[in-house]
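Quick note: the sequence shown, position 194, residue 194 per full-length UniProt numbering, numbers continuous.
Here a beta-carbon is modelled for each residue, glycine too, at the ideal position from N, C-alpha and C.
As structure tokens, the structure follows; a few thoughts come after it.
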Amino acid sequence: PDLEENINILLASAQEKDIALLVPGDPMVATTHLAIILKAEELGIKTKIIHSSSIYSAIAEVGLQIYKFGRTASLPFSEPGYFPTTPYHILKENLNLGLHTLFLLDVKAKEGRFMTVPEAIESLWQIGKKVEGKKRIFTAKTPCLGIARLGSLNPKIKFGKAADLLKINFGKPPHSLIVPGKLHFLETEALERFK
1 PDLEENINIL
11 LASAQEKDIA
21 LLVPGDPMVA
31 TTHLAIILKA
41 EELGIKTKII
51 HSSSIYSAIA
61 EVGLQIYKFG
71 RTASLPFSEP
81 GYFPTTPYHI
91 LKENLNLGLH
101 TLFLLDVKAK
111 EGRFMTVPEA
121 IESLWQIGKK
131 VEGKKRIFTA
141 KTPCLGIARL
151 GSLNPKIKFG
161 KAADLLKINF
171 GKPPHSLIVP
181 GKLHFLETEA
191 LERFK
């Protein structure tokens, strides 16, 4: 069951005994977790947060300067009647400011579907066609970083043109995509390690 659908069950248990909610990554990145804490405090339930690492701290491994990241974008799977363009607009805003863009790729765990780096690139191309036609900011030549399992013992990090990353099997999830903005010379040097 989804956490969002079972907040009341979780909180009812917490009123009777100590419970823990174990989540991957940093627990305060997801707005659902903040909603649980606020509701718990409203009910007089004491809460304690134990912070963990997340994609937001792990991305420093690739050598891009953290303070040069713009807004993060979630990139969902497109569905019939559902074709969000917001991720592309965020990318455009960030690039116009010279900032890097981190894309968090869709996870549909119940269905066993995890968006891959190549699927994310294809999705951005499709959104770009719809939004901008032929004059797109995200093209086959756009530099990208494909990332899989960052923070694990077997991460995969590849840097190259979007079209080149399409051909790479990044293996098991989770995957993320970064489109770098304006690069400092040290960032350029760091990215060369992943070509």
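| query | result |
| --- | --- |
| Segment contact flag, the stretch 60-80 with the stretch 37-44, C-beta cutoff 8 angstroms, min 3 pairs | no |
| Classification of F83 by the beta-carbon crowding that lies within 10 angstroms, buried from 16 upward | exposed |
| C-alpha gap between H175 and V117, whole angstroms | 6 angstroms |
| Distance between L22 and L191 (C-alpha atoms, nearest Å) | 33 angstroms |
| Rounded C-alpha distance that separates R136 from K129 | 7 angstroms |
| Residue(s) in a DSSP beta bridge with P143 | K161 |
| Close Cβ partners of I127 (< 6 angstroms) along its chain, the five nearest in sequence each way excluded | T85, Y88 |
| Three CB pairs or more closer than 8 angstroms across the stretch 104-111 and the stretch 73-80 | yes |
| Stretch pair the stretch 54-68 + the stretch 145-152: three plus CB contacts closer than 8 angstroms | yes |
| From E189, L91, P27, residue whose alpha carbon lies closest to that of T47 | P27 |
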